[in-house]
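Engineer: At position 16 of the sequence shown (counting the first as 1) the number is 16 in the UniProt record's numbering, and the numbers step up by one without a gap.
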Amino acid sequence: GICWSSINNGKCKELMSQGVTREECCASNAAAATAYSDEDLDSGSLFFWRVLGGGVQCRPCR
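1) Quick one: what's got a C-beta closer than 7 Å to Gln57's C-beta in the same chain, skipping five residues either side?
2) I'd like to confirm the pairing. Which residues does DSSP put opposite Val56 in its beta bridges?
3) Between Arg22 and Ile2, what straight-line distance do the alpha-carbon atoms span, to the nearest angstrom?
4) Quick check on this structure: which residue in Ala31, Arg50, Glu39 and Ser6 has the alpha carbon closest to the alpha carbon of Gln18?
5) Give the DSSP bridge partners of Ser17, in chain order.
The structure is reproduced here in structure tokens:
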């Protein structure tokens, strides 16, 4: 999935890393601020959701 550096109203825009598991994403010290989404999106889909869709659906680590 994708690891995000922030979450706003259940949506994420600030990408931290791709191709990671929820455990990897949420294990860092910054987990209180990070979020995770299960699906891996290609660059076109990422652009669409981040710019036009208001963000990608994601869940906070904590």
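Think of the CB as a built atom: it goes at the ideal place given N, C-alpha and C, for glycine as much as any other residue.
Structural biologist: With the structure as the only source:
1) Hits under 7 Å: Gly10, Lys11 and Ser37.
2) Cys12
3) Spanning the two alpha carbons is a distance of roughly 8 Å.
4) Glu39
5) Within the DSSP secondary-structure output, Ser17 pairs in a beta bridge with Cys3.
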